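Encoded as structure tokens, the structure appears first; notes follow it.
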Amino acid sequence: MDTVPQVRKVLVTGASGYVGSRLVTTLLSQGALVRVLVRDKEKIVGQPWYSKVEVVVGSATEYSQIIPALEGVHTAFYLLHSIGAGPRFDQLEQKMALTFGQAAKDANVKQIIYLGGIVNSGSNKASQHLASRASTGTCLAKFGVPVLQIRAGIIIGSGSASFEMIRHMTHRLPVMITPKWVNNRTQPIAIRDVLYYLSKAANLPEPVSEVYDIGGPDIFTYANLIEEFARVSKLRKRIIIKVPFLSVWLSSLWIGLVTPVPVALARPLVGSLANESVVDKKHAISQIIPPPPSGLLSVSTAFELAISKVERHEVESRWSDADVIMPPWQKTQSDPAWAGEAEFHDEQILYTDASLSSLWKSIEEIGGSRGWYGADSLWWLRGLLDRLMGGVGLRRGRRDPNFLRQGESLDFWRVESLHANHELTLYAEMILPGKAWLQFTVDEMEHEGRTTRRLNLKASFQPKGVGGRLYWGAVLPFHHLIFPRMAKNIIKEALRKDSELRNTKAPE
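The letter at position 266 of the sequence shown is residue 687 when you use this note's numbering, and the numbering goes up by one with no holes.
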């Protein structure tokens, strides 16, 4: 079995993201000593590999915080990006890469492995996203540390942004009006093959400083890719009408409305589709790493595996696991009370005979296709407004319909903390003039002379300026419609679960 030599230590940046979290699992299965660099440790606490890695908390823009992560590291995986961070995201990516490259040199790192995007030369100018990906590789290499740039096109896997865009568009739109660049070619690759090449790169006997492309065995146009997904999903053939006048802005706005991917992320992704992304044979990675023994997965097989993972609720990571871009005042969570920041609360407390386990299960199943226990039309409207403002909206849904994991996304919330059978705290990632939390707490206690269970539902809001205070006043009437009903319906669902359990156990 190929394993990373024990004398090597591997650093994975972006470990809370889609590729990074899966790469950690792969490296650990091969016996690697893994360290991860994350900005927020709470976002990976729920990962099954959390206790098996060394965790360093720091920002990739701060040299002093990167150095401790790189000390003693042989190979560093650079999986960071700032796509969706606004119109100047490329400048932020350049700064991060330069800082990381300098720190890697000073820490005597032997190899940097960077996952970028395929940029084919041709008549079309590279999009801002792809140009930034290429610039990142150049910046990383400026300080003399060997950089192995592995470039990929569309990655197909359950939870990837590209897969989610294709899946939701194909399911929701039997007729599509598309830009003419849907005729451009792409060479998708399955996520398991991406992980194969990345993990093999960590085993190379000598450092490599070169650019290599990875791709699956099939080359499709983007239009053919949509048609292939429809075929694999057993949907009717989709009608694709190509027009010359759809701009990137209009296309990304439409994608933001019909798929889980928000406009801020869709815009640079859509801009990249104007470029072909086909493996350049001169840069084929087979020159240093052979294909998997079982062969590369075809597009149809990759789609089938991704769809089956979604249907079996076995999605390991999603594009939304990574940080989203929010206004500056929303980025700092849980400010201390002594800071003097105003905080408003709306609280519901109910008592019930429902069992603690059923109460907790009802809470943990909230959101996604199950909804928010009443007033779903109001939740839908709030999600739509968030989408129209460029936010994430409600369509991110859930990774699993029954179980939550600390750090993952849930509609337009993030699971900030989770203590089974007691407390769930959600942090709002919708666009707001302030910071908001929704907390569910259940416990057992004596009430009116008997043992009962208490459900405490609390909405908290820390406003930003006068606008934040006005916002709280405006939404308070809706809270009175939503939260009492939500608390009652959670209890109703818990009692139903208890009844169902009793009936299941009852003798025939």
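In this text, a Cβ means the ideal position worked out from N, Cα and C, and glycines have one as well. Just so you know, these numbers come straight off a predicted model, no measurement behind them.
Just the C-alpha distance for residue i and residue j, rounded to the nearest angstrom, thanks.
{"i": "Ser472", "j": "Val433", "result": "15 Å"}
{"i": "Lys730", "j": "Ala723", "result": "11 Å"}
{"i": "Trp740", "j": "Tyr633", "result": "24 Å"}
{"i": "Asp807", "j": "Lys856", "result": "15 Å"}
{"i": "Gly593", "j": "Ala562", "result": "What sits at residue 593 in the sequence shown is Arg, not Gly. Arg593 and Ala562: Cα-Cα distance of roughly 43 Å."}
{"i": "Ala557", "j": "Met907", "result": "Inspection of the sequence shows that residue 557 is occupied by Thr rather than by Ala. Each residue's alpha carbon lies about 47 Å from the other."}
{"i": "Phe650", "j": "Ser721", "result": "7 Å"}
{"i": "Phe861", "j": "Pro898", "result": "20 Å"}
{"i": "Arg890", "j": "Pro884", "result": "6 Å"}
{"i": "Ala436", "j": "Asp774", "result": "42 Å"}
{"i": "Phe904", "j": "Arg923", "result": "29 Å"}
{"i": "Ser407", "j": "Gln515", "result": "Here the chain has residues from 422 to 929 only, and residue 407 is not among them."}
{"i": "Ile852", "j": "Met810", "result": "7 Å"}
{"i": "Ser715", "j": "Leu656", "result": "29 Å"}
{"i": "Gly888", "j": "His868", "result": "41 Å"}
{"i": "Glu631", "j": "Leu569", "result": "5 Å"}
{"i": "Gly565", "j": "Lys526", "result": "7 Å"}
{"i": "Arg429", "j": "Ile911", "result": "50 Å"}
{"i": "Met586", "j": "Thr482", "result": "30 Å"}
{"i": "Leu671", "j": "Val477", "result": "40 Å"}
{"i": "Thr447", "j": "Pro638", "result": "22 Å"}
{"i": "Asp767", "j": "Lys879", "result": "6 Å"}
{"i": "Val457", "j": "Val474", "result": "7 Å"}
{"i": "Ser881", "j": "Ile488", "result": "37 Å"}
{"i": "Ala915", "j": "Ser776", "result": "7 Å"}
{"i": "Ile598", "j": "Val664", "result": "7 Å"}
{"i": "Leu859", "j": "Pro683", "result": "22 Å"}
{"i": "Ala528", "j": "Ala490", "result": "9 Å"}
{"i": "Thr873", "j": "Met866", "result": "6 Å"}
{"i": "Tyr848", "j": "Ile465", "result": "15 Å"}
{"i": "Ser778", "j": "Phe833", "result": "26 Å"}
{"i": "Phe521", "j": "Val863", "result": "44 Å"}
{"i": "Thr846", "j": "Lys918", "result": "23 Å"}
{"i": "Ala727", "j": "Val440", "result": "14 Å"}
{"i": "Val699", "j": "Ala841", "result": "46 Å"}
{"i": "Ile709", "j": "Asp614", "result": "15 Å"}
{"i": "Leu616", "j": "Lys531", "result": "21 Å"}
{"i": "Asp701", "j": "Asn604", "result": "19 Å"}
By DSSP, does residue i sit in helix, in strand, or in coil?
{"i": "Asp774", "result": "coil"}
{"i": "Lys913", "result": "helix"}
{"i": "Met590", "result": "helix"}
{"i": "Ala760", "result": "Residue placement at Ala760 is poorly supported in this model, since its pLDDT is 43, which falls under 50; the coordinates still yield a value, given next. In the structure shown, Ala760 sits in a helix (DSSP, three-state: H, G or I)."}
{"i": "Leu815", "result": "coil"}
{"i": "Asn924", "result": "helix"}
{"i": "Gly888", "result": "helix"}
{"i": "Lys730", "result": "helix"}
{"i": "Ala705", "result": "strand"}
{"i": "His766", "result": "strand"}
{"i": "Phe904", "result": "helix"}
{"i": "Phe861", "result": "strand"}
{"i": "Gln532", "result": "strand"}
{"i": "Glu844", "result": "strand"}
{"i": "Arg606", "result": "strand"}
{"i": "Thr680", "result": "coil"}
{"i": "Thr557", "result": "helix"}
{"i": "Glu483", "result": "coil"}
{"i": "Glu785", "result": "helix"}
{"i": "Val566", "result": "coil"}
Can you check DSSP and say which residues form a bridge with residue i?
{"i": "Glu627", "result": "Bridge partners of Glu627: none, in fact."}
{"i": "Ala573", "result": "Gly538, Ile635"}
{"i": "Trp834", "result": "Leu831, Ala849"}
{"i": "Glu867", "result": "Thr872"}
{"i": "Thr496", "result": "Val431, Gln532"}
{"i": "Lys879", "result": "Glu768, Gln860"}
{"i": "Asp698", "result": "A quick correction: the sequence has Ser, not Asp, at residue 698. Thr607."}
{"i": "Thr642", "result": "Arg606"}
{"i": "Glu382", "result": "Here the chain has residues from 422 to 929 only, and residue 382 is not among them."}
{"i": "Val596", "result": "Ile660"}
{"i": "Gly855", "result": "Pro884"}
{"i": "Val478", "result": "Val459"}
{"i": "Leu839", "result": "Leu845"}
Given a cut-off of 8 Å on the beta-carbon distance, is the pair residue i and residue j in contact?
{"i": "Thr591", "j": "Ile647", "result": "yes"}
{"i": "Pro567", "j": "Pro628", "result": "yes"}
{"i": "Arg875", "j": "Ile770", "result": "yes"}
{"i": "Ala573", "j": "Ile533", "result": "no"}
{"i": "Gly828", "j": "Gly493", "result": "no"}
{"i": "Trp602", "j": "Ala695", "result": "yes"}
{"i": "Leu501", "j": "Cys560", "result": "no"}
{"i": "Gly930", "j": "Ala611", "result": "Limits of the chain in this structure are 422 at one end and 929 at the other, which puts residue 930 out of reach."}
Secondary structure, alpha helix (DSSP H): runs of 4+ residues fully inside the region 422 to 470: 439 to 450
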